[in-house]
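Structure, as structure tokens:
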Amino acid sequence: MEKMSVETIKPSSATPQSLRTLHLSTVDYRMQSVYTYACLFYTNDPSIPREETTQKLKTSLSQTLTSFYPFAGRINGLAVDCNDEGAIFIEATLGNSTISAFLNSPAPDSNEIQQTLLPLHHVPKTSEASITWPLLLVKACYFQCGGMSLGICMSHKLADAASLSAFIRAWAATARGESGTVGKPEFAGVNVYPPPPPHDAFKVAEVHKPKITGVTKRFVFSGSKIDELKAKVAQPRPTRVQCVTALLWRCVCAAAASKTTTSTKVLFQPANLRTKIPSLLSENLIGNLIHTSMTSSRKGEEIDIQETVKELRERGEELTSLVQENDGSTTALGSKLLVKMFNDYSKLSNEPGDSMYAVTSWCRMPFYEANFGKGCPVWVVGNVAPRLELVTMLLDSNDFKGIEAWVTLSEEDMLSFEQNPELLAFASPNPAVIF
1 MEKMSVETIK
11 PSSATPQSLR
21 TLHLSTVDYR
31 MQSVYTYACL
41 FYTNDPSIPR
51 EETTQKLKTS
61 LSQTLTSFYP
71 FAGRINGLAV
81 DCNDEGAIFI
91 EATLGNSTIS
101 AFLNSPAPDS
111 NEIQQTLLPL
121 HHVPKTSEAS
131 ITWPLLLVKA
141 CYFQCGGMSL
151 GICMSHKLAD
161 AASLSAFIRA
171 WAATARGESG
181 TVGKPEFAGV
191 NVYPPPPPHD
201 AFKVAEVHKP
211 KITGVTKRFV
221 FSGSKIDELK
231 AKVAQPRPTR
241 VQCVTALLWR
251 CVCAAAASKT
261 TTSTKVLFQP
271 ANLRTKIPSL
281 LSENLIGNLI
291 HTSMTSSRKG
301 EEIDIQETVK
311 ELRERGEELT
321 SLVQENDGST
331 TALGSKLLVK
341 MFNDYSKLSN
351 EPGDSMYAVT
361 SWCRMPFYEA
371 NFGKGCPVWV
381 VGNVAPRLEL
391 VTMLLDSNDF
401 KGIEAWVTLS
411 EEDMLSFEQN
421 PELLAFASPN
431 PAVIF
């Protein structure tokens, strides 16, 4: 990094007094104190000067914050104080690196991306809960060749992956002068999941301190390998996400089994409720509108891919049944889903060696359509930061046929996991990004 400038971007229009407080839902509040982030990579367009690109990004960000006003505020207890304090915008220059060289040999661990291309160094004590956190930070890094990476971090207290995608879509449209082509964001998460009880405000530091150990590595499943995996599963119409999730879980449990064979492993899979209930929930609804299903392994038993895919489908059908039984009230449905999630969590034993493994899919989200005037990104990376152990993110590869899995494990488990021959039969460890 050769040089860097930091600027606070405020909404172009002041937030009305009537919108100054946004209450968090129970699910929002109980999220880890981390950022949901996407890092978008763009090749150089020599017809557009760097200064013009940077100014357009900052001006359009200010305009976009007028409708996404909570992200210019700060969290205060159980609510967001929408005080227009502003988002952070950082512009940086990378020394001798070109985007072609970077993508030809991607960082072997996501830690390099987080430390270099994301604006997290601007946040003090990122591993601790803090009401002083900016809810939105952006970092535009320019490579020597003129290419650019755009790192966008949104507080997970207020944004899931779908919220991040909606924001990027709106910001890009504004930068192109097409803001009227996207819907307005809706901050009504408490109409689905109720707000937390007041006494929860005193537990934030204890509950939300994230784990930041481990290592994160990238494994790419090509479209053809996913087809082979689907054939192996031999289930009627398995989805590519189900197949990849089942294989990853099998390999993760095999890596952990080298230490103990008597523990219980639990697979969590968050689902985006907007796509499950489009008749009730708008795609422009901002917040943590997710429902987490749970699948458990039996102690000492090997994970079977076919059975796992079957169980994942059954969990999805259970969610569909809950939705179909609903009388049309989002509040009633949210209460049912919340009770189910809490009941699932209460069944977990806290015996030594037991572990929870989460796989989150960002596939089919339109991150690759984010055109700020320089064309669409040639590569997209997404995750949470600081990283959380035993969490895997699935994203579309840039040909939209494959899946990129960013897997976070302990260093010990990763050594075993990345050498698993069954994994390597379907996935390539950190290949070059072809564009």
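Numbering (the UniProt record's numbering), first residue to last: 1 to 435. Note that CB positions come from ideal geometry on N, CA and C, so glycine has one too. In this text the structure is predicted, and so the values were computed from the model without any measurement.
{"Asked": "Which whole-angstrom value describes the C-beta separation of residue 84 and residue 15, a residue pair presumed to lie in contact below a C-beta threshold of 8 Å?", "Found": "5 Å"}
{"Asked": "With three or more C-beta pairs closer than 8 Å as the rule, is the segment 185-199 touching the segment 303-320?", "Found": "no"}
{"Asked": "For my contact list, residue 291 and residue 341 are in at a C-beta cut-off of 8 Å; report their separation, rounded to the angstrom.", "Found": "7 Å"}
{"Asked": "Please classify residue 396 as buried or exposed, where buried requires at least 16 neighbouring CB atoms within 10 angstroms.", "Found": "buried"}
{"Asked": "Going by beta-carbon coordinates alone, are residue 378 and residue 435 separated by less than 7 Å?", "Found": "yes"}
{"Asked": "Quick one: residues in its chain with C-beta nearer than 7 Å to the C-beta of residue 404, no 5 flanking neighbours on either side, listed in chain order?", "Found": "218, 220, 395, 397"}
{"Asked": "Under a three-way DSSP split, which group does residue 3 fall into?", "Found": "strand"}
{"Asked": "At the level of alpha carbons, what is the spacing between residue 23 and residue 315?", "Found": "30 Å"}
{"Asked": "Is the separation between the beta-carbon of residue 184 and that of residue 67 shorter than 7 Å?", "Found": "yes"}
{"Asked": "By a C-beta neighbour count over all protein chains shown, 10 Å radius and 16 as the cutoff for buried, is residue 327 buried or exposed?", "Found": "exposed"}
{"Asked": "Rounding to the nearest angstrom, what Cα-Cα distance links residue 206 and residue 178 in this structure?", "Found": "Low confidence applies to residue 206: its pLDDT is 39, below 50, so where it sits in the model is not reliable, and the reading given next is rough at best. Rounded to whole angstroms, residue 206 to residue 178 spans 44 Å at the Cα level."}
{"Asked": "I'd like to check one pair, residue 37 with residue 385: are the Cβ atoms closer than 7 Å?", "Found": "yes"}
{"Asked": "In three-state DSSP terms, what is residue 344?", "Found": "helix"}
{"Asked": "Rounded to a whole number of angstroms, what is the C-alpha to C-alpha distance between residue 189 and residue 96?", "Found": "45 Å"}
{"Asked": "Quick check: the Cα distance between residue 73 and residue 5, rounded to an integer number of angstroms?", "Found": "21 Å"}
{"Asked": "According to DSSP, what are the bridge partners of residue 394?", "Found": "361, 405"}
{"Asked": "Does the Cβ of residue 223 have 16 or more other Cβ atoms within 10 Å, making it buried, or fewer, making it exposed?", "Found": "exposed"}
{"Asked": "Along the alpha helix (DSSP H) that carries residue 115, what are the first and last residues, could you check?", "Found": "110-117"}
{"Asked": "Please classify residue 498 as buried or exposed, where buried requires at least 16 neighbouring CB atoms within 10 angstroms.", "Found": "This structure gives no information on residue 498, because the portion of the chain shown stretches from 1 to 435."}
{"Asked": "For the segment 141-159 against the segment 90-109, do three or more pairs of beta-carbon atoms, one drawn from each stretch, fall closer than 8 Å, so that the two count as touching?", "Found": "yes"}
{"Asked": "Going by Cα to Cα distance, which pick from 303, 250, 338 is closest to residue 288?", "Found": "338"}
{"Asked": "Hey, is residue 67's beta-carbon within less than 7 Å of any beta-carbon in chain B?", "Found": "The structure shown contains no chain B, having only a single protein chain."}
{"Asked": "Per DSSP, residue 156 is paired with what?", "Found": "DSSP, once it has assigned bridges, lists no residue as partnering residue 156."}
{"Asked": "So, with DSSP's three-state summary, where would you put residue 368?", "Found": "helix"}
{"Asked": "Is it true that the CB of residue 39 sits closer than 7 Å to the CB of residue 113?", "Found": "yes"}
{"Asked": "Could you tell me the alpha carbon to alpha carbon distance between residue 412 and residue 41, rounded to whole angstroms?", "Found": "31 Å"}
{"Asked": "Find the nearest neighbour of residue 392 within the set 382, 408, 163, judged by alpha-carbon distance.", "Found": "408"}
{"Asked": "So, does the segment 273-288 touch the segment 232-243, judging by three or more C-beta pairs under 8 Å?", "Found": "no"}
{"Asked": "If I measure Cβ to Cβ from residue 225 and keep anything under 6 Å in the same chain, skipping five residues before and after, which residues do I get?", "Found": "426"}
{"Asked": "Expressed to the nearest angstrom, what Euclidean distance is found between the alpha-carbon atoms of residue 358 and residue 347?", "Found": "17 Å"}
{"Asked": "Give the secondary structure of residue 429 by DSSP, where H, G and I count as helix, E and B as strand, and everything else as coil.", "Found": "strand"}
{"Asked": "So for residue 90, helix, strand or coil by DSSP?", "Found": "strand"}
{"Asked": "So for residue 435, helix, strand or coil by DSSP?", "Found": "coil"}
{"Asked": "Residue 152 and residue 164 look like a contact to me (Cβ under 8 Å); what is the Cβ gap, rounded to whole Å?", "Found": "7 Å"}
{"Asked": "Compute the distance between the beta-carbons of residue 171 and residue 64, then report whether it is under 7 Å.", "Found": "yes"}
{"Asked": "My output table needs one value for residue 182: the three-state DSSP class, helix, strand or coil.", "Found": "coil"}
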